[in-house]
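One structure is given here, and the rest of the page talks about it.
Numbering (our numbering), first residue to last: 6 to 946.
Structure, rendered in structure tokens:
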């Protein structure tokens, strides 16, 4: 008879996992205790002491005397050399074998006259790999030397790190043995540690689903003030890479859940661990009912110490929130006197405010506080000579901080984390999945909203869209979309993205069919434009026989047009066609009358000219589209970090002449393609495409990537001089320096951007667009896009295999705003859709929305969250140029009432807006985000 399943308690389960991987508890029976199997002592151990730092060749000639485990050596600053004779048992053939060595001091292993690895207990390096798999023919006996310096990692202070050295301190060898290492146990241990850290990804929703009894108790505790829901978002998200709309949905889903389950929303954005903080977060927070912000990750800055612990953070649009970084620089303190004193001593805003948070308990992994910690802190509530400590709540903390807010400083703009900037590039497939799924959900919501407005029979797929959004939001957890996750999590994320693509495309087809139901017209295709401006572009359309033909199509803003039939394709093009010529030396020129592109015989860009002005965009004597390879070995955090010193290893990837060939021969489109061997193991193919009427040239790229600790980028040296470059962020853009004047500038050697970056001087500039990349840099006049990394931890397979991506280059006159860089980047990321409309294709074009000003972007159209009882839409618009602007929003939908609302879709108490001839006048300040609630008239039956 099978045993009944045991009820799993949430905290018990998490603590069980903690103990299962603990290096301190139950090591006789937990997973960490199984890292090593069979063991045997070293065959012989001998040593000699010297007050000098001897070179290896001299040291090994000295008089070594017998030694054994437990022997002491020293004193401070001396060096003890150990000769270690090893004999590996025959029974260990096929196993991974380590030397386990534990001693005080700093050790260095020498093998065959070369230093091979450090050994130190403080740094948790206590074993050396002798062989990853002992072979039948491998030697069984060998001799190693271990050089041990009689000092710690940070000196030899007596009692504390900064105290004077203890000259009489002695050191000891506590372990010297051979052991079989279980690599599978190690991998499982790493997996469990990382999964444990993630167990906090939508945790309350999982608690409700899997442990309803515990969830009910949490609700009771919340009512009594003993359980305080904080956060405000669906998961502890990344603060850089999600789109502006995705960030809004993090708060919309999170706040709605907290309100539904605990009766109140969060007034604090609680984000202890993330890898940077977008300059648009203050505005998003304020419009989601949040005025307070807490984090501590900026204490990890590698270069500069952030100057405040309590301050006002002002975003791109001028919105401000009260921000607090706990001065203890940790969310896992244990209540010791030393920690409390450190919290007070390190507070950089003493005098302006004398309150700060002390976050205690096992914070990373969710273990929470122990009774001992609580008891310690209770004793510190009123102890003479020590700071006063109160068990409190976030609400009371921020209330106390606000009492002194008149004295606080203000930080304007992004909070840039000077670490973990490899996460902008690591795991390219995850980042591509994120960008694609953000686009798919945008398009599904728009088409479904338009179908809802035009058809009484159409049912908006609200439940399906919520499921898909929550999948996407889950994968925007700060260790998933960033690529710093284990292989198991990455594989699950890719499955989620495929699910969103598959289900999203079905919803698109359903909405398209409903949108033109009842329209006259022949069977065919519906060409849909999901962006808020008119577009004329080249599109590949299916033709009889399964082939594709190119067509120049014009589609109105946020609307559709019937696809042209082969007989209706214009024989005469309304604009200059694309000309393409290959010279005798193998170089290729493409010209569409707007820009002229010249490629050398290996595919590099030797010239990019604006035809009207004759202005050259590529720096004199330089080439663009230059792929470069860097060594990429960070100090520790492999998937997370790229260090500044990687720039010292720059190696251009050179192609072979004769590989460039003409593809499409001009007319509507011209293209050339080439192959490039990146290394003996990796290769690249690229198609360079120029379309009629298009202001940018596209680079469609396929890479087969099989590297270790390498970083691939592509560079474009511009004939532009400017001390700053512009990068797109959520709902706007910001400037960053192109020089290294200060340490704050230098720390931004690798930054993040969304769909575009631009380098402009007065009257001219060059923009680099992309469809799925985030890592970037502009140094001097060189624009660089980061393409692929190859870290090996925590996922040894990350980025290995095939990749496809597109970037584009757009020279322009005037400012990037006036030249249309922003709509160009949107168009690259939101291609026109050709959707089947069997028997229903409309005979005429139709537009649902348009905006009178190019400075205002209509970003989102969706059904209102509260519209189960009615037909309501929410529109999200933002000012994209950085200007004050009045604009008119035009709609052809049957709108009954229009009212402004916040990001949680709560109506503005000022009431409805004037609606004249289906037009609304809206006023924006720079980078302002506005949401509009539209109540639709009843649909015709």
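Glycine included, each C-beta is placed from N, C-alpha and C at the ideal position.
Residue environment: residue 786 is assigned as buried (16 or more neighbouring CB atoms within 10 Å of its CB, all protein chains considered). The C-alpha of residue 513 lies about 48 Å from the C-alpha of residue 310. With contacts defined as CB atoms closer than 8 Å, residue 172 and residue 234 fail to qualify as a contacting pair. In the DSSP secondary-structure assignment, residue 94 is not bridged to any residue. According to the DSSP assignment, residue 499 belongs to the alpha helix (DSSP H) that extends over 492-520. In the displayed model, residue 925 falls within a strand according to three-state DSSP. By the CB criterion at 8 Å, residue 644 and residue 308 fall outside the cutoff.
Residue 751: member of the alpha helix (DSSP H) spanning 748-751, first to last residue. The segment 128-140 and the segment 66-85 do not touch, with fewer than three beta-carbon pairs separated by less than 8 Å.
Residue burial is scored here from C-beta neighbours: residue 727 has at least 16 other C-beta atoms within 10 angstroms and is therefore classed as buried. Beta-bridge partners of residue 106 (DSSP): 181. Boundaries around residue 936 are those of the beta strand (DSSP E), 934-941, since no alpha helix (DSSP H) includes it. Under the three-state reduction of DSSP, residue 36 is assigned to coil, being neither helix nor strand. Rounded to whole angstroms, the gap between the alpha carbons of residue 584 and residue 823 is 27 Å.
Linking residue 877 to residue 285 through their CA atoms gives a straight-line distance of about 27 Å. In terms of CA proximity to residue 790, 719 leads the group 719, 837 and 842. Between residue 681 and the set 669, 670 and 710, the nearest pair of CA atoms involves 710. Annotation: residue 306 to residue 227 spans about 35 Å, alpha carbon to alpha carbon. In the three-state reduction of the DSSP assignment, residue 534 falls in the strand class. Taking residue 678 as reference, the option from 604, 700 and 712 with the minimal CA-CA separation is 604. A straight-line Cα-Cα distance of about 32 Å links residue 236 and residue 748. Judged by DSSP in its simplified three-state form, residue 289 adopts helix.
Judged by pairs of C-beta atoms under 8 Å, the segment 877-893 does not touch the segment 590-609, as fewer than three such pairs exist. Following the DSSP letters along the chain, one finds residue 775 inside the beta strand (DSSP E) bounded by residues 769-775. In the displayed model, residue 18 falls within a helix according to three-state DSSP.
In the three-state reduction of the DSSP assignment, residue 892 falls in the strand class. Checking the DSSP bridge columns, you'll see residue 126 has no partner listed. Taking one beta carbon from each stretch, the segment 498-516 and the segment 443-460 have 3 or more pairs nearer than 8 Å; the two touch.
Apart from the 5 residues on each side of it in sequence, residue 793 sits with its Cβ closer than 6 Å to the Cβ of 433, 710, 717 and 804 in its chain, given in chain order. Our two residues, residue 542 and residue 836, have alpha carbons roughly 9 Å apart in a direct line. Between the segment 808-820 and the segment 754-769 there are three or more inter-stretch CB-CB distances shorter than 8 Å, so the stretches are counted as touching. The C-beta distance from residue 864 to residue 931 rounds to 16 Å, too long to fall under 8 Å, and the pair is not in contact. Under the three-state reduction of DSSP, residue 350 is assigned to helix.
Comparing alpha-carbon positions, the option among 587, 283 and 712 lying closest to residue 796 turns out to be 712. Using a Cβ distance threshold of 8 Å, residue 703 and residue 811 count as a contacting pair. The DSSP assignment places 631-636 and 666-671 as complete runs of the beta strand (DSSP E) inside the segment 630-671, in order along the chain (cut-off: 3 residues).
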